[in-house]
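Below you'll find the structure, written out as structure tokens, and then a few comments.
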Amino acid sequence: MNSTLPRDIATLLARVGLGVVFLAHGLQKLNVWGYSGTKAAFDGMGAPMPGVSAFLATWIEILGGIALIAGVLTPVVGILLFLDMVGAYFIAHSGNGIWVADGGYEFVLALGAGSLLIAAVGAGKFSVDGVLGSRLPWVASDRTSATSRASVS
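If you're matching positions, the sequence shown starts at 71 in our numbering and goes up one per residue.
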């Protein structure tokens with residue numbers, strides 16, 4: 071089977087699912103806890119520069135979630151979200167075992183791994199990156215095909 075349609079649909083669904091979760095968590099930090107509450111929580115967890123860390127985590131999750139949903143700049147966004155989850159792992163979850171019910175890292179591991187995978191494979195055909203891939207080959211979901219298409223044009 072030479073069709074990439076199943077892969078593109080799977081990538082779309084995974085990207086949107088991850089994006090919704092990140093967006094929800096970023097909005098929770100912004101709208102439910104507020105900046106001061108998020109900063110206090112980060113301070114209580116021993117995050118370095120808790121004000122800066124809280125600001126960055128909030129906006130990386132909000133803007134990164136939106137970017138994943140749209141499929142825009144996924145190599146960069148995927149890495150930023152992966153690093154956000156690496157920080158969450160080391161700051162809040164590593165000492166609690168794997169289970170999320172115990173404050174463990176299973177959720178941040180899944181989100182981080184998914185983000186890294188999206189960064190590596192791209193956003194797929196049904197994305198802003200998929201549309202712009204021939205103009206910006208570094209964001210194309212199929213970098214080989216995008217490079218070939220760009221050189222043919």
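Note that beta-carbon positions come from the ideal geometry of N, C-alpha and C, so glycine has one too.
Reference residue i; option with closest CA among the options
i    : options                : result
L126 : A190, K99, S197, L187  : K99
H224 : T128, D113, S106, A117 : Here the chain comprises residues numbered 71 to 223, so residue 224 is not present and cannot be evaluated.
A140 : L75, A111, L83         : L83
A117 : G173, F160, A180       : F160
V146 : W169, A193, T74, R77   : A193
M155 : G174, N101, F196       : G174
D78  : L202, K195, G203       : K195
V157 : M115, G107, W169       : Per the sequence shown, the amino acid found at residue 157 is Gly instead of Val. The candidate whose alpha carbon is nearest that of G157 is M115.
A162 : F177, L150, L151       : F177
L143 : T74, Y105, R205        : R205
D113 : L186, W103, A124       : A124
D110 : N101, V102, G121       : A small fix is needed here, since residue 110 is Ala in this sequence, not Asp. Checked all of N101, V102, G121; the closest Cα to A110 is G121.
Residue i and residue j closer than 8 Å at C-beta
i    : j    : result
G135 : I188 : no
G184 : L88  : yes
T272 : V198 : There is simply no residue 272 to check, as the chain begins at 71 and stops at 223 in what is shown.
R85  : L138 : yes
I130 : L93  : no
V91  : L181 : yes
Problem - Ranges of the alpha helix (DSSP H) found wholly within the region 145-217, counting only runs of at least 4 - result: 176-191, 198-202
Exercise for the section: Entirely within the region 72-101 and at least 4 residues each: give me those alpha helix (DSSP H) ranges in chain order. Expected result: 75-97
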